[in-house]
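The next block holds one structure in the form of structure tokens; read it before the comments.
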Amino acid sequence: MRFVPLDTPKPISKIGLGTWQFGSKEWGYGPDYERRAADIVRRALDLGVTLFDTAELYGFGRSERILGAALGADREKVVVASKIFPILPVAPVVQQRAVASAARLGVQGIDLYQVHQPNPVVADTTTMRGMRALQDVGLVAEVGVSNYSLRRWRFAEAALGRRVLSNQVRYSMIDQGPEEDLIPYAEQAGRIVIAYSPLAQGFLSGRYDAKHPPSGAVRRANPYFLPENLERGTALIATLREVADAHDATPSQIALAYLLHHPNVVAIPGASGVEQMERNAAAAEIDLGADEYAALATAARQFRPVTGLAAVPRLIRARVRK
1 MRFVPLDTPK PISKIGLGTW QFGSKEWGYG PDYERRAADI VRRALDLGVT LFDTAELYGF
61 GRSERILGAA LGADREKVVV ASKIFPILPV APVVQQRAVA SAARLGVQGI DLYQVHQPNP
121 VVADTTTMRG MRALQDVGLV AEVGVSNYSL RRWRFAEAAL GRRVLSNQVR YSMIDQGPEE
181 DLIPYAEQAG RIVIAYSPLA QGFLSGRYDA KHPPSGAVRR ANPYFLPENL ERGTALIATL
241 REVADAHDAT PSQIALAYLL HHPNVVAIPG ASGVEQMERN AAAAEIDLGA DEYAALATAA
301 RQFRPVTGLA AVPRLIRARV RK
């Protein structure tokens with residue numbers, strides 16, 4: 001396993017484990033997934049994974065409980081990250097919710113406590129006042145944000161009066177917005193971009209095509225999995241397969257390696273089983289050549305999916321057909 005080259009209390013692995021699916025039935029992983037979740041966590045620990053990301057919203061607290069129980073005594077050795085869902089995130093509420101998350105996780109302190117979404121009404125000045133109080137009493141080690149623009153990330157830092165270590169954002173080969181400003185800022189300022197949905201919910205795995213779309217409510221609601229977009233992605237998947245063959249790897253591993261090419265980027269893919277966890281962790285060891293990275297970047301830019309308002313009628317039609 002490789003780690004982010006930053007001075008943090010605990011080393012942060014370049015591949016972490018995202019746990020949205022823990023306790024959340026909408027992923028469609030089946031009734032025995034809670035048992036498998038514990039096996040996934042234990043295998044991740046064996047492979048050197050140190051970052052485990054959850055949120056109070058995931059399964060309405062079940063993800064935190066499952067993760068905490070699976071980590072067991074190793075909770076104090078790794079970076080446990082959770083997120084507050086920002087409904088009225090004023091200082092006292094932030095403090096109360098952190099206490100509740102820590103209790104569900106079974107930890108004395110949360111290593112990285114993040115604001116799940118920017119609140120359009122409540123200013124970060126009051127949210128970060130709560131975060132600062134949590135740091136002062138030792139319940140929170142590092143503060144992070146999620147889905148923040150660069151401008152709001154920097155404002156949050158100013159409000160906290162300390163570093164806001166990370167910004168967790170959607171980032172994959174086909175969601176490249178963070179490359180414009182967030183990643184350059186992270187590298188310049190010694191911060192971290194945490195990439196969620198780094199495989200575009202499996203689109204980049206090559207498992208799906210127009211004739212074999214995914215199941216599960218989450219993916220069915222994602223416009224990337226419209227038959228038209230699966231067809232449009234054929235060239236990109238072909239490029240991923242070509243590079244993967246050269247490294248004796250899978251398309252998913254190459255898609256992760258593409259993101260980890262940036263030193264201050266961490267990816268937190270989920271895993272449906274132990275084998276997928278093993279493949280994800282192995283991606284941290286893949287070094288892409290300059291020509292390979294350029295070919296992947298070109299293929300990603302040429303992928304033009306139907307998204308936004310234009311995708312809505314197609315999503316409705318696809319749902320009705322089911």
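Mind the numbering: the sequence shown is residues 1 to 322 in the UniProt record's numbering, read in order. The C-beta atom is built at its ideal place from N, Cα and C for all residues, glycine as well. If you're wondering where the values come from, they're calculated on a predicted model, not measured in any experiment.
For a quick check, are the C-beta atoms of residue i and residue j less than 9 Å apart?
i, j, result
"I286", "L240", "no"
"V265", "Y148", "no"
"V80", "I110", "yes"
"V49", "L17", "yes"
"R36", "V193", "no"
"A281", "M1", "yes"
"E56", "A100", "yes"
"D168", "Y196", "According to the sequence as given, residue 168 is Gln; it is not Asp. Yes."
At what residues does the beta strand (DSSP E) containing residue i begin and finish?
i, result
"F52", "51-53"
"E142", "140-146"
"L288", "Taken as a continuous stretch (DSSP letters only), L288 belongs to no beta strand (DSSP E), as it is neither H nor E."
"L165", "164-170"
What number of angstroms, rounded off, separates the C-alpha of residue i from the C-alpha of residue j?
i, j, result
"M173", "F203", "10 Å"
"G206", "L236", "9 Å"
"H261", "P184", "13 Å"
"N229", "R304", "8 Å"
"R162", "A294", "37 Å"
"A210", "N222", "14 Å"
"D245", "G289", "14 Å"
"L51", "R132", "22 Å"
"residue 330", "M277", "Any property of residue 330 remains undetermined from this structure, which presents the chain solely from 1 to 322."
"Q114", "L259", "21 Å"
"D53", "R42", "15 Å"
Provide the residue span of the alpha helix (DSSP H) that contains residue i, from first to last.
i, result
"Q114", "Element bounds for Q114: not the alpha helix (DSSP H) but the beta strand (DSSP E), 110-115."
"S252", "251-260"
"L199", "Note, L199: premise wrong, no alpha helix (DSSP H); not H, not E."
"V99", "91-105"
"Q276", "274-282"
"N229", "227-232"
"R62", "62-71"
"I183", "182-189"
Could you pull out every residue in the same chain whose Cβ sits closer than 8 Å to the Cβ of residue i, ignoring the five residues on either side in sequence?
i, result
"R152", "P118, D124, V145"
"P9", "D111, A141, E142"
State buried or exposed for residue i, treating a residue as buried only when at least 16 other CB atoms are found within 10 Å of its CB.
i, result
"W20", "buried"
"H212", "exposed"
"P269", "buried"
"E142", "buried"
"I66", "buried"
"P89", "buried"
"R301", "exposed"
"T234", "exposed"
"A103", "exposed"
Considering only residues of the same chain and omitting the five flanking positions on each side of residue i, which have a CB-CB separation below 6 Å?
i, result
"E179", "none"
"G68", "L105, G106"
At a threshold of 8 Å, does residue i count as lining the ligand SAH (C-beta to nearest heavy atom)?
i, result
"G161", "Absent from the structure shown: the ligand SAH. Ligands present: none."
Once you ignore the five residues that flank residue i on each side, which residues in its own chain have a CB closer than 7 Å to its CB?
i, result
"L150", "D181, L182, Y185"
"L160", "M128, M131, R132, V143"
"A189", "none"
Consider the Cβ of residue i: report whether some Cβ of chain C lies at a distance smaller than 9 Å.
i, result
"S197", "The displayed structure is made up of one protein chain only, and chain C is not part of it."
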